[in-house]
Ligand code: GDP
Ligand code: MG
Ligand code: K
């Protein structure tokens with residue numbers, strides 16, 4: 002029997018564990034990742050003759066190695082390559098929660114978005130145009146209320162269909178980080194490609210991005226590879242110095258700004274209508 006893995010990811014408190022329980026019932030088991038204390042939970046769901054392996058990843062805000070949770074989530078995705086990620090977001094705080102979604106998209110892993118807590122959104126009077134969000138993000142977006150299991154059947158159905166369609170191909174989203182970052186990002190990407198640094202595991206541009214964000218794990222891996230690590234670190238230092246001198250900021254902060262810019266460019270296109278606000282007339 003085929004065994005397909007679906008990873009549940011999202012910010013803390015988005016409702017991941019609630020959804021995990023709704024999907025797997027009482028059949029979940031609790032396990033630890035080797036060598037770390039952060040828990041990963043796995044459970045099973047039988048669907049149309051398939052056994053689906055559902056993995057509840059630790060809650061994270063980012064996929065940069067700032068914390069053990071983030072490292073565990075990222076290592077799981079890269080090493081185990083689950084067929085698809087379901088990113089569970091609290092739809093009440095859509096923009097903030099989409100920050101993690103953008104990072105999955107930058108990594109390129111096939112993903113589906115679950116807009117959870119839709120009961121609260123409906124009560125608040127806020128409207129989310131799910132179809133438009135799906136069109137703009139190029140992925141299925143499903144409304145859920147994990148607490149009562151609402152939407153879990155469509156979530157699984159759409160997730161499986163999209164996993165089939167993507168067929169394991171990772172397609173990283175490339176957003177612009179502006180004139181202070183893009184040229185160096187491109188130079189670093191070329192160097193990483195030329196030297197094949199970690200490119201069997203991560204997209205080259207993504208490795209360069211992690212360097213610019215000050216990711217310690219990626220930098221250590223680069224250092225272990227020798228000369229290329231030193232070259233990349235010098236390139237990062239130059240950009241960081243430029244950002245400090247001319248803008249009084251860091252590459253990391255600029256990258257975060259552009260990610261939020263990408264998100265608001267999506268949500269501003271009529272996706273979210275605040276309560277009391279007039280419907281947008283197209
Ligand atoms: P996790 O940190 O992502 O695993 O989030 P949890 O599953 O622990 O849920 C966080 C809180 O949100 C809990 O109090 C849940 O009962 C609640 N919750 C989860 N899903 C929903 C939902 O769809 N609607 C509402 N109103 N509350 C929810
Ligand atoms: Mg949880
Ligand atoms: K809540």
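Numbering (the UniProt record's numbering), first residue to last: 2 to 283.
Idealized CB from N, CA, C, for every residue including glycine.
Note that the structure is predicted; figures quoted are calculated from it, not measured.
Relative to the ligand GDP, the nearest heavy atom lies less than 7 Å away from the CB of residue 120. DSSP, read as helix, strand or coil, puts residue 139 in coil. Annotation for residue 52: the continuous beta strand (DSSP E) segment containing it runs 51-57. DSSP, read as helix, strand or coil, puts residue 170 in coil. For residue 115, the enclosing beta strand (DSSP E) begins and ends at 112-117. Close CB contacts of residue 217 within its chain, under the 8 Å cut and outside five residues either way in sequence, are with 66 (chain order). Nearest Cα to residue 138 within the set 183, 127, 114: 114. Sixteen is the threshold: since fewer than 16 other Cβ atoms of the shown chains lie within 10 Å of the Cβ of residue 149, the residue is exposed.
Per DSSP, reduced to three states, the secondary structure at residue 233 is helical. A heavy atom of the ligand GDP is found nearer than 7 Å to the CB of residue 13. For the 8 Å CB-CB criterion, residue 256 and residue 198 do not form a contact. If you draw a 10 Å sphere on the C-beta of residue 98, you find 16 or more other C-beta atoms in it, and that means buried. According to DSSP, residue 217 shares a beta bridge with no other residue. At least one heavy atom of the ligand GDP falls within 7 Å of the beta-carbon of residue 148.
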